[in-house]
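In the numbering used here, the protein residues as written are 956 to 1067.
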């Protein structure tokens, strides 16, 4: 009947509105306050900075080790290894570039 269909449509609309209200209340209670958002951002930034420092130190260590290998080889008369670049150096540099890019992205997000 038409009355039954109208009742179903009306109850469906009421249920949708009720669920939307419940979801809105839950989202409002779960959402972080501005102070909590700043704390989360600070923790994220400090972790990225620590990772960036560790990556930079790894680059320096790896390059220094390769420099020592190259100078020892040069002193033994092997000239062709003086300019040799080990694949580890490339990998470490790529990791450093990636972590540095992440730090810059966080700073750009913070400024906007």
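Heads up, the beta-carbon is just placed ideally off N, CA and C, and yes, glycines get one too. All of these numbers come straight from a predicted model, not from anything done at the bench.
Which of helix, strand or coil DSSP assigns to residue i
i            : result
residue 1030 : helix
residue 1037 : At residue 1037 the pLDDT is 44, less than 50, meaning the model places this residue with poor confidence; the figure from the coordinates comes in the next sentence. Residue 1037 falls in the coil class under three-state DSSP.
residue 988  : coil
Cβ-based burial, residue i [other Cβ within 10 Å; buried from 16]
i            : result
residue 1051 : buried
residue 982  : exposed
residue 1047 : buried
Extent of the continuous alpha helix (DSSP H) to which residue i belongs
i           : result
residue 965 : 957-985
Same chain, Cβ closer than 8 Å to residue i, five either side skipped, listed in chain order
i            : result
residue 1013 : 1047, 1050, 1051
- Task: Run through the region 990-1026 for me and flag every whole beta strand (DSSP E) of 3 or more residues, listed as ranges in chain order.
- Result: Taking only runs of at least 3 residues, no beta strand (DSSP E) segment lies wholly in the region 990-1026.
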